[in-house]
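J.:
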Amino acid sequence: MFEVIQFLFLPFLTCLIMIGIFGYFGIHILEREIIFIDIALAQIAAVGSAVAFIIWNVEAHSIIAYLCAFGFTLLAA
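Counting the sequence shown from 1 gives a position; this note's numbering is that position plus 22.
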């Protein structure tokens, strides 16, 4: 029985931490009335990868395109 508790302790702790983080983000999003934030951030990420393609002429699945899309998303958030 102790092995099961020891095995499931870290996933349980992770779930508790995620509940706190997602609860905080959810309340923050509802206070700012940004219900469709996922769609907006996805569009910003697409703009970031398009900018990487235009400026650096990189492939769509290169690390530079991913980093540029991630950077644009972080700046928008």
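C-beta atoms are modelled at their ideal positions from N, C-alpha and C, and glycine is treated no differently.
All values reported here derive from a predicted model rather than from experimental measurement.
Anyone know if the C-beta pair for E81 and A87 falls short of 9 Å?
T.: Cβ distance < 9 Å, so E81 and A87 count as in contact.
J.: Three-state secondary structure (DSSP) at F20?
T.: No answer is possible for residue 20: it lies beyond the span of the chain, which begins at 23 and ends at 99.
J.: Using alpha carbons as the reference points, say which of M40, F94 and W78 lies closest to Q65.
T.: Ranking the options by Cα distance to Q65, first place goes to F94.
J.: Given this structure, state the Cα-to-Cα distance separating I85 from I43, to the nearest angstrom.
T.: The straight-line gap from Cα to Cα measures roughly 28 Å.
J.: Is E81 helix, strand or coil when you go by DSSP?
T.: Three-state result, E81: coil.
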